[in-house]
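Peer 1: Under UniProt numbering, think of the first position of the sequence shown as 1, with each following residue one higher.
For glycine and all other residues, C-beta sits at the position ideal for the given N, C-alpha and C.
Just so we're clear, the structure is a prediction, and the values are computed from it rather than from any experiment.
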Amino acid sequence: MSAIPGNAGVSPARCGQDGRAPILTLKVLSALLGYPQAETLAALDEMAEAVERERLLAPPQAGALLAFIDAWRSADLLELQENYVALFDRGRNLSLHIFEHVHGESRDRGQAMVDLLALYESHGFELATRELPDYIPLFLEYLSQQSHAAAASLLRDAMPVLSLLGARLAERGSAYHVLLDALAGIAGQPAEAEGIRRRAAAEEPDQTLLRMDEIWEEEAVSFLGNPNACQKPSATEHPIVVAPPRAPQPHAQPENRP
Numbered sequence: 001m002s003a004i005p006g007n008a009g010v011s012p013a014r015c016g017q018d019g020r021a022p023i024l025t026l027k028v029l030s031a032l033l034g035y036p037q038a039e040t041l042a043a044l045d046e047m048a049e050a051v052e053r054e055r056l057l058a059p060p061q062a063g064a065l066l067a068f069i070d071a072w073r074s075a076d077l078l079e080l081q082e083n084y085v086a087l088f089d090r091g092r093n094l095s096l097h098i099f100e101h102v103h104g105e106s107r108d109r110g111q112a113m114v115d116l117l118a119l120y121e122s123h124g125f126e127l128a129t130r131e132l133p134d135y136i137p138l139f140l141e142y143l144s145q146q147s148h149a150a151a152a153s154l155l156r157d158a159m160p161v162l163s164l165l166g167a168r169l170a171e172r173g174s175a176y177h178v179l180l181d182a183l184a185g186i187a188g189q190p191a192e193a194e195g196i197r198r199r200a201a202a203e204e205p206d207q208t209l210l211r212m213d214e215i216w217e218e219e220a221v222s223f224l225g226n227p228n229a230c231q232k233p234s235a236t237e238h239p240i241v242v243a244p245p246r247a248p249q250p251h252a253q254p255e256n257r258p
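(1) I'd like the span of the alpha helix (DSSP H) that includes H148, first residue to last.
(2) From P59 to A50, what distance separates their C-alpha atoms?
(3) So is E100 buried or exposed if we call it buried at 16+ other beta carbons inside 10 Å?
(4) Looking at M159: is its Cβ nearer than 8 Å to the Cβ of L132?
(5) Comparing C-alpha positions only, which one of L56, A43, E39 sits nearest to A187?
(6) Could you say which of L80, A152, L162, L66 lies nearest to I136 if we only look at CA atoms?
(7) Below 8 Å CB to CB, which residues in the same chain sit around G173 once its five sequence neighbours on both sides are set aside?
(8) What is the C-beta distance between S30 and S147, in whole angstroms, given that I count them as a contact (C-beta under 8 Å)?
(9) Compare the C-alpha of A67 against each of R20, V178, G185, E121 and name the closest.
(10) What is the rounded straight-line gap between the Cα of Q81 and the Cα of Q37?
(11) If you reduce the DSSP assignment to three classes, tell me which class R211 lands in.
(12) Cβ of I98 within 7 Å of any heavy atom in the ligand ATP?
(13) Am I right that Q176 and L78 are in contact with their C-beta atoms under 8 Å? What's the rounded C-beta distance?
(14) In this structure, how does DSSP classify I4 when only helix, strand and coil are distinguished?
(15) Between which two residues does the alpha helix (DSSP H) harbouring E79 extend?
(16) Taking only three categories from DSSP, how would you classify L127?
(17) For my contact list, L94 and R73 are in at a C-beta cut-off of 8 Å; report their separation, rounded to the angstrom.
Here it is in C-alpha cells:
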C-alpha cells in the first residue's frame, strides 16, 4: 500500500506537529496538481479511498474527482508528464503560481511571496526545495495541515485566481478543471464566478513561450532570501489578497521539470 504522496517542497518533520489529522482531500488535490510522478500513480487507490472516506466534497464533485483518479489508472506516466508541461509550463494563462495571476512581475509579487513564506514558517511549515511558496500544490499541502476552518478561509482568499484557472482549463477541454472545481466545492465559488467564466471564454489562446533557462536566476534575485532586499514579512494570517486577476503578461516562471 502506498501513502498519499506529499509535496516535494515540504519538510515533513515540521508538519502536523500539533497532532491534527491532515485534510486528506486537500493532500489528494495537491498531489494530482503536482508534476506527475511514479509514486503518484502508485497511490491512486489510497487517494480514492481518502476522498470517499473523508466526504469533504459534495457527491457531484467527489464523483468527478474519483473519475479523474480512475482515468489515471490506465495512463502512461510519460504522457501525463508531457501533458502537464505542455499545459502548465508554456504560458502564463495556466500558471500554477497564484501571485503570477495577481501581481505579474511587479514588486508587489516579491512582498506577497515573503508574507506567504512567513505564514508558512509561523506554522512550522518549511520548504525543502526551491519551489516558490505560491505554487498551488505547495499551498494546498500547507492547507491540508491546518484546521478545516483555517484552510477554507485561506482557500477562499485565493478562489478568484483558482476559479479563473479552472475556467480556463475547462475552456481548453482539460480534465484538470475537475481539481479546481473540487477546491471551489470546499471554499465556495467567489461572488464574481460568472464573470470569471465569461472572461475565460472570451480570452485568446495564450501562445507565450517560457524562458526556461532564466527562471531560477530570476527567482534567486526577486523572491526568497535575497539579502539585499528591503522586504519584511508581514504578521498577517491572510497574505493572499486577490483583486481581479491580471491579464496574461509576456512570460511566466514555473519550476523546471525533469
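Peer 2: This is what the structure holds:
(1) Counted from its first residue, the sequence shown places residue 148 at position 148. Counting along the chain, H148 sits inside the alpha helix (DSSP H) bounded by residues 148-171.
(2) Position 59 of the sequence shown, counting from 1, holds the residue named residue 59. Position 50 of the sequence shown, counting from 1, holds the residue named residue 50. For P59 and A50, the distance between alpha carbons rounds to 14 Å.
(3) Here residue 100 is taken as the residue at index 100 of the sequence shown, counted from 1. So E100 counts as buried.
(4) Looking up residue 159 in the sequence shown gives position 159. Looking up residue 132 in the sequence shown gives position 132. The answer is no: Cβ separation not under 8 Å.
(5) Indexing the sequence shown from 1 puts residue 187 at position 187. Looking at the Cα atoms, L56 is the closest of the given residues.
(6) Translated into the one-based positions of the sequence shown, residue 136 becomes position 136. Of L80, A152, L162, L66, the residue nearest in Cα terms is L162.
(7) In the sequence shown, counting from the first residue as 1, residue 173 sits at position 173. None.
(8) Here residue 30 is taken as the residue at index 30 of the sequence shown, counted from 1. Here residue 147 is taken as the residue at index 147 of the sequence shown, counted from 1. At roughly 17 Å, the Cβ-Cβ gap does not stay under 8 Å, so S30 and S147 are not in contact.
(9) Within the sequence shown, numbered from 1, the residue matching residue 67 stands at position 67. Among R20, V178, G185, E121, the Cα nearest to that of A67 is on V178.
(10) Counting from one through the sequence shown, the residue named residue 81 turns up at place 81. Counting from one through the sequence shown, the residue named residue 37 turns up at place 37. Approximately 8 Å between the Cα atoms of the pair.
(11) Within the sequence shown, numbered from 1, the residue matching residue 211 stands at position 211. Residue placement at R211 is flagged as unreliable, the pLDDT there being 40, under the threshold of 50; the coordinate-derived value follows with that caveat. Coil.
(12) In terms of ligand content, the structure shown is empty, and the ligand ATP therefore cannot be addressed.
(13) Counting from one through the sequence shown, the residue named residue 176 turns up at place 176. Counting from one through the sequence shown, the residue named residue 78 turns up at place 78. For the sequence presented, residue 176 should be read as Tyr rather than Gln. With a Cβ gap of about 17 Å, Y176 and L78 do not count as contacting.
(14) For the purposes of this step, residue 4 is taken as the residue at position 4 of the sequence shown. Looking at I4 - three-state DSSP - the assignment turns out to be coil, as it is neither helix nor strand.
(15) Sequence index remark: in the sequence shown, residue 79 carries index 79 (1-based). Secondary structure note for E79: its alpha helix (DSSP H) is the uninterrupted segment 77-88.
(16) For the purposes of this step, residue 127 is identified with residue 127 of the sequence shown, where counting begins at 1. DSSP, reduced to helix, strand and coil, places L127 within a strand of the structure shown.
(17) In the sequence shown, residue 94 corresponds to position 94, counting from 1. In the sequence shown, residue 73 corresponds to position 73, counting from 1. Actually they do not touch by this definition, with Cβ atoms about 25 Å apart.
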